[in-house]
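What follows is a short report on a single structure.
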Amino acid sequence: MTAPKKLFIKTYGCQMNVYDSERMAEALGGQGYTEAKSADEADMILLNTCHIREKAAEKVYSELGRFKKLKAQKPDLKIGVAGCVAQAEGEEIMRRQPLVDLVVGPQSYHRLPEMEEKAQTGEKVLDTDFPEEDKFEQLKRRPKAKRGPAAFLTVQEGCDKFCAFCVVPYTRGAEVSRPADRILTEARDLVERGVREITLLGQNVNAYHGAGPNGDLTLAQLIWELDKVDGLERIRFTTSHPNDMMDDLIEAHGTCKKLMPYLHLPVQAGSDKILKRMNRSHTAESYLRLIERIRAARPDILISGDFIVGFPEETDEDFQATLDLVEEVKYGTAYSFKYSTRPGTPAAERPQVDPVEADDRLQRLQALLTRQQREIQDSMVGREVGVLFEKPGRLEGQMLGKSDYLHAVHVADCDRQIGDLARVRIVSSRTNSLAGELIE
Ligand code: 5AD
Ligand code: SF4
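This note's numbering applies: residue 258 is where the sequence shown begins, and numbers increase by one.
Here it is in structure tokens:
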């Protein structure tokens with residue numbers, strides 16, 4: 258028997274990519290691959306790339322360049338590029354970087370085993386098609402490997418929104434929802450393997466409309482089906498578009514006990530002029546009214562957001578409207594970015610904001626968001642929250658977990674195990690975490 262081959266996957270970007278990397282590892286597990294701790298000991302290296310950030314493709318090329326020496330030492334080493342950069346410029350990658358053996362787009366991961374076999378014969382393989390079949394169904398899983406208590410589950414991919422700055426509709430394609438029965442089967446399987454919290458993933462997850470036994474299910478209906486799964490204790494979902502925040506989903510936040518009080522609802526900007534140019538099809542006012550309705554259903558919900566500053570033609574006044582909106586919403590956590598051009602998207606062609614000005618705006622916005630985040634975190638002190646323990650802490654006897662609101666919480670002298678869900682009283686708030694004690 259030959260020695261098992263080792264696979265090293267480097268993952269960039271979003272949770273969707275983290276999930277995809279796990280599925281790729283499982284698919285290649287069927288080909289005899291086990292996990293390598295570093296690129297140095299690998300027989301195959303996969304870069305699971307992300308195209309959202311600035312100069313993403315350039316970073317991939319420079320990362321690939323670093324493998325040159327490794328490949329010279331180990332000529333059988335196979336190098337692959339996966340993810341959104343692979344989707345966007347597959348052929349270009351093959352042309353520019355001859356050491357790449359394999360390029361695979363996000364819709365083709367189920368074909369990795371065949372691709373790997375071809376690559377072993379010395380052939381260069383590229384697959385960036387958008388197939389019809391459900392790629393997840395095709396991905397062979399290893400027999401019941403134990404999992405950590407919190408897992409991601411992709412329910413929807415792609416996006417039809419075409420925000421003027423975003424590459425997702427081009428790299429991940431049109432919006433597709435997975436059928437509900439497949440998601441439920443996968444959820445039950447995860448629970449059998451030790452999972453107690455599932456985060457449903459989708460680029461535009463609240464537009465979910467997967468096939469069910471009696472027609473399509475909405476995301477809220479899917480959540481209610483998952484609510485019936487014994488042993489599953491917590492449900493989350495991300496990322497949502499304000500326009501797809503349907504009444505039944507808002508209501509579920511008030512009535513479904515397993516649905517956690519946390520919602521990532523990007524607004525991007527606070528000026529209606531900019532929102533219009535971003536092709537967001539909502540206004541600042543409609544977003545604020547939506548937040549009000551969500552908070553009426555679930556008053557303690559923690560709201561998270563994404564922001565872009567320095568979008569083409571953003572004036573200081575427009576930016577001020579973003580600050581005003583943030584003041585009104587009060588975000589528990591947020592991600593903010595300076596606009597950067599993505600070739601092929603409509604905004605790339607428009608007059609750009611002075612980068613120094615954009616930097617200054619980003620700093621001002623981040624100062625405000627950090628302050629809000631800290632205030633909300635501090636306001637948890639004295640409160641009782643649920644905590645799902647995920648790993649031991651750095652100190653002896655300490656356990657680390659996530660609260661219902663997704664704050665990191667550590668508990669000293671904790672007799673609970675990984676995967677236990679406990680009631681905890683928060684006693685103090687530090688920079689990026691809370692400390693709590695078990696309520697007996
Ligand atoms: N420039 C800056 N930020 C962007 N995002 C997406 N595209 C761009 C871009 N071209 C941000 C958005 C999105 C998040 C995932 O990344 O805020 O919600
Ligand atoms: Fe991109 Fe999100 Fe807009 Fe879709 S909704 S185009 S994924 S920013």
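Note that CB positions come from ideal geometry on N, CA and C, so glycine has one too. These figures come from a predicted structure and were not determined experimentally.
From the DSSP output, in three-state form, read off R439 for me. For the purposes of this step, residue 439 is identified with residue 182 of the sequence shown, where counting begins at 1. Residue state, collapsed to three classes: helix.
Mark T268 as exposed unless 16 or more other C-beta atoms lie within 10 angstroms of its C-beta, in which case mark it buried. Residue 268 sits at position 11 when you count from the first residue of the sequence shown. T268 is buried by the Cβ-count criterion.
Residue ranges of each alpha helix (DSSP H) within the region 600-677, 4 or longer: 612-635
Reduced DSSP category for E490 - H, G, I as helix; E, B as strand; rest coil: By one-based count along the sequence shown, residue 490 stands at place 233. For E490, the secondary structure class from DSSP, reduced to helix, strand or coil, is coil.
Identify which residue in D484, L520, A604, L516 has its Cα closest to the Cα of M535. Position 278 of the sequence shown, counted from the start, is the residue given in the question as residue 535. Check the Cα spacing between M535 and each of D484, L520, A604, L516: the tightest is with A604.
In chain order, what residues of the same chain lie with their CB nearer than 8 angstroms to the CB of Q460, ignoring the 5 residues before and after it? Looking up residue 460 in the sequence shown gives position 203. Here the set comprises M273, Q413, E414, G415, C416, V425, R429, E432, T496.
Take G511 and list the residues in its own chain whose beta-carbon comes closer than 6 angstroms to its own, dropping the five residues that flank it on each side. As a working mapping, residue 511 is identified with position 254 in the sequence shown. Cβ within range, chain order: A554, R555.
Could you have a look at F409 and say whether DSSP puts it in helix, strand or coil? For the purposes of this step, residue 409 is taken as the residue at position 152 of the sequence shown. Here F409 sits in strand by DSSP.
Looking at C420 and the ligand SF4, is the gap between the Cβ and the nearest heavy atom below 8 angstroms? In the sequence shown, the residue the question calls residue 420 occupies position 163. Yes, the beta carbon of C420 sits closer than 8 angstroms to at least one heavy atom of the ligand SF4.
Cβ of T579 versus every heavy atom of the ligand SF4: is any distance shorter than 8 angstroms? Here residue 579 corresponds to residue number 322 of the sequence shown, with the count starting at 1. Not under cutoff, so the answer is no.
Helix, strand or coil at K267 [DSSP, three-state]: For the purposes of this step, residue 267 is taken as residue 10 along the sequence shown, with counting starting at 1. Residue state, collapsed to three classes: strand.
Three-pair Cβ contact test at 8 angstroms for the region 661-668 versus the region 512-532: yes
Once DSSP output is grouped into helix, strand and coil, what is the label at Y366? Position 109 of the sequence shown holds residue 366. Helix at Y366.
Identity of the residues DSSP links to L304 by a beta bridge: Residue mapping note: residue 304 aligns to position 47 of the sequence shown, counting from 1. L304 pairs with K267, V338.
For F564, which beta-bridge partners are listed by DSSP? Counting from one through the sequence shown, the residue named residue 564 turns up at place 307. Beta-bridge pairing links F564 to Q525, S593.
So, with DSSP's three-state summary, where would you put M258? Numbered from its first residue, the sequence shown carries residue 258 at position 1. Model confidence at M258 stands at a pLDDT of 45, short of 50, so the residue's coordinates are unreliable; what they give is reported in the following sentence. Coil.
Terminal residues of the beta strand (DSSP E) in which Y290 lies: Looking up residue 290 in the sequence shown gives position 33. 290-292 is the extent of the beta strand (DSSP E) around Y290.
Looking at the unbroken beta strand (DSSP E) that takes in V361, where does it start and where does it end? Counting from one through the sequence shown, the residue named residue 361 turns up at place 104. 359-361 is the span of the beta strand (DSSP E), which, as asked, contains V361.
Touch test, the region 615-631 against the region 576-587, Cβ-Cβ under 8 angstroms, three pairs minimum: yes
Compute the distance between the beta-carbons of I696 and V684, then report whether it is under 9 angstroms. Here residue 696 refers to the residue found at position 439 when the sequence shown is read from its first residue. Here residue 684 refers to the residue found at position 427 when the sequence shown is read from its first residue. Against a cut-off of 9 angstroms, the Cβ pair of V684 and I696 comes out as no contact.
Nearest-residue set for the ligand 5AD, Cβ under 6 angstroms from any heavy atom: Working through the chain, the matches are I309, F422, C423, P523, Q525, D563, I565, F594, Y596, S597, R599.
Closer than 8 angstroms: H498 CB and nearest the ligand SF4 heavy atom: Here the question's residue 498 lines up with position 241 in the sequence shown. Within the cutoff, so yes.
Assign E694 to one of three DSSP states: helix, strand, or coil. Along the sequence shown, one-based indexing puts residue 694 at 437. The answer is strand: DSSP assigns E694 an E or B state.
If P370 sits next to C341, beta carbons under 8 angstroms apart, how far is it from one beta carbon to the other, in whole angstroms? Within the sequence shown, residue 370 is the residue found at index 113, counting from 1. Within the sequence shown, residue 341 is the residue found at index 84, counting from 1. The pair is not a contact, with the Cβ atoms about 22 angstroms apart (cut-off 8 angstroms).
Between L359 and the rest of its own chain, which residues show a CB-CB distance below 7 angstroms, the 5 nearest in sequence each way excluded? By 1-based counting over the sequence shown, the position of residue 359 is 102. Excluding residues within five positions, the ones whose Cβ falls inside 7 angstroms are K335, G337, M372, A376, V382.
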